[in-house]
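Participant: Numbering (the UniProt record's numbering), first residue to last: 1 to 83.
C-beta: ideal position from N, C-alpha, C; glycine also.
It should be emphasised that the depicted structure is a prediction, and the values quoted were computed from it without experimental measurement.
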Amino acid sequence: MSLLNDGEKCACKLLEKLSISQPTLSHHMKILCDSGLVKSRNEGKWVHYSIDPAGFALAQQFLGQLSRFNIADPVCCSKSSTT
Numbered sequence: 001m002s003l004l005n006d007g008e009k010c011a012c013k014l015l016e017k018l019s020i021s022q023p024t025l026s027h028h029m030k031i032l033c034d035s036g037l038v039k040s041r042n043e044g045k046w047v048h049y050s051i052d053p054a055g056f057a058l059a060q061q062f063l064g065q066l067s068r069f070n071i072a073d074p075v076c077c078s079k080s081s082t083t
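Written out as structure tokens, the structure reads:
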């Protein structure tokens, strides 16, 4: 994701920066696209990727809500006495 911080990148440019194969990049980018964090657009035979601001904002909101839970609290994570 950090490679997309400064804007849209062609898959070919991402591959230049990463030590992975093209199929591996495609697999991971599909997961990011399906999750809504990244969007893609086709231009000829190339795919260009960019951060999806709306999806990224939702992810930040969700992660922020997680901070309300105190996982260090033993009561939160202990087994119920009825089990």
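Looking at the structure shown, is GLU8 part of a helix, part of a strand, or coil, going by DSSP?
Facilitator: coil
Participant: Any contact of the stretch 8 to 16 with the stretch 28 to 47, i.e. 3+ C-beta pairs under 8 Å?
Facilitator: yes
Participant: Any idea what DSSP makes of ILE51, helix, strand or coil?
Facilitator: strand
Participant: Whole angstroms is fine: what's the gap from GLN65's alpha carbon to LYS39's?
Facilitator: 24 Å
Participant: Quick check: LEU63 and ASP52, are their CB atoms within less than 8 Å of each other?
Facilitator: Cβ atoms of LEU63 and ASP52: not closer than 8 Å.
Participant: So, for ALA59: in the same chain, excluding its five sequence neighbours on each side, which residues have a beta-carbon less than 7 Å away from its beta-carbon?
Facilitator: LEU37
Participant: With SER26 as the anchor, note down where its alpha helix (DSSP H) starts and where it stops.
Facilitator: 22 to 35
Participant: Inspect the beta-carbon positions of LEU18 and LEU25 and report whether they are closer than 8 Å.
Facilitator: yes
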